[in-house]
Amino acid sequence: MRCLALVLGGHSADCFLGDIMNRLLTAATVCWALALPVGLFSSSAHAETDRTDLIEVTPVSTAKKGLGPYLKSLLTATQPKGEVKPLVASYSKSWLDAQPPAAGGEQWRCLSEALYFEARGETVKGQFAVAEVILNRVKSERYPDTLCGVIKQGTGRKYQCQFTYTCDGRKEVIAERKAFERVSKVARAVIDGTKADLTAGATHYHTTSVRPSWARVYKQTARIGVHVFYRHTYRTASN
47 MRCLALVLGG
57 HSADCFLGDI
67 MNRLLTAATV
77 CWALALPVGL
87 FSSSAHAETD
97 RTDLIEVTPV
107 STAKKGLGPY
117 LKSLLTATQP
127 KGEVKPLVAS
137 YSKSWLDAQP
147 PAAGGEQWRC
157 LSEALYFEAR
167 GETVKGQFAV
177 AEVILNRVKS
187 ERYPDTLCGV
197 IKQGTGRKYQ
207 CQFTYTCDGR
217 KEVIAERKAF
227 ERVSKVARAV
237 IDGTKADLTA
247 GATHYHTTSV
257 RPSWARVYKQ
267 TARIGVHVFY
277 RHTYRTASN
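Right, here's the structure in full:
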């Protein structure tokens, strides 16, 4: 209405220009007002998305891909590749009792039984020494190449076997469970590679209550508990 009055009054050009300016200012104001919340919302949306990525994606992905190898490197840092750290025994009952319950297959069972019937009354060191003799025989070309093979060699002929309990005609009964548990731990430790050389390579032994004929021929290497140990001189002999 104001423009119409101005036009009638002879000021049409000024009114026209003023009206254009007003329209431009109004349009600019509206656009700015509309653009402002959109810009703010857009910025907020991006920030929220970034936080979601940081919390749910980045840490989880990094943890799954990086933490495992890192822990593995820490655990293996002191154990060079290819090197196996041997078990070191203290040869005491307290050390033996502290070991976890033993278990294993046929070879472990054979050695456990041999230690039970041959050395359950010995000291822990004496039991390890007897186990060492059996292992030395396994390593020798003159004897079977398994623990069970060495222990059962000659079984079936009374008093002609290598270990008396396997051919003395008596039934093998394990009555002392605690004693068996202990010698089974010794067997497990020896099979697992306990580092020791208690008998200097002995392949024979006898108790101090007897003296077999071969004891005069073989070289005595050690005396532990009630057992005397010998290393063969490559002559045929039996235990």
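Numbering (the working numbering), first residue to last: 47 to 285.
Think of the CB as a built atom: it goes at the ideal place given N, C-alpha and C, for glycine as much as any other residue.
It should be emphasised that the depicted structure is a prediction, and the values quoted were computed from it without experimental measurement.
{"Query": "Close-in-space but distant-in-sequence residues of the same chain around residue 142 (CB under 6 Å, 5 per side omitted)", "Result": "170, 228, 231"}
{"Query": "Environment of residue 173 [buried if 16+ CB atoms lie within 10 Å]", "Result": "buried"}
{"Query": "Pairwise C-alpha distance: residue 151 and residue 278", "Result": "30 Å"}
{"Query": "Burial state of residue 159 (16 or more Cβ within 10 Å)", "Result": "buried"}
{"Query": "Coil, strand or helix - residue 225 by DSSP", "Result": "helix"}
{"Query": "Runs of alpha helix (DSSP H) wholly within the region 180-255 (minimum 4 residues, chain order)", "Result": "193-197, 223-237"}
{"Query": "Inter-residue Cα distance where the pair is residue 196 and residue 183", "Result": "7 Å"}
{"Query": "Alpha-carbon spacing of residue 271 relative to residue 243, whole angstroms", "Result": "16 Å"}
{"Query": "The region 175-191 / the region 246-260 touching (three or more Cβ pairs under 8 Å)", "Result": "yes"}
{"Query": "Neighbourhood of residue 261 by C-beta distance below 7 Å, restricted to the same chain and skipping five residues each side", "Result": "252, 276"}
{"Query": "Bridge-paired residues (DSSP) for residue 153", "Result": "Looking at the DSSP assignment, residue 153 forms no beta bridge with any residue, so it has no partner."}
{"Query": "Chain-order list of residues whose beta-carbon lies under 8 Å from that of residue 267 (same chain, five-residue window excluded)", "Result": "245, 246, 247, 248, 275, 276, 277"}
{"Query": "Opening and closing residue of the beta strand (DSSP E) in which residue 320 lies", "Result": "Absent from the structure is residue 320, since the part of the chain shown begins at 47 and ends at 285."}
{"Query": "Per DSSP, cross-strand counterpart(s) of residue 276", "Result": "250, 266"}
{"Query": "Classification of residue 287 by the beta-carbon crowding that lies within 10 angstroms, buried from 16 upward", "Result": "Residue 287 cannot be examined here, being either before or after the span of the chain that is shown, 47 to 285."}
{"Query": "Residues near residue 161 by beta carbon distance below 7 Å, same chain, minus five either side", "Result": "173, 176, 177, 229, 232, 233"}
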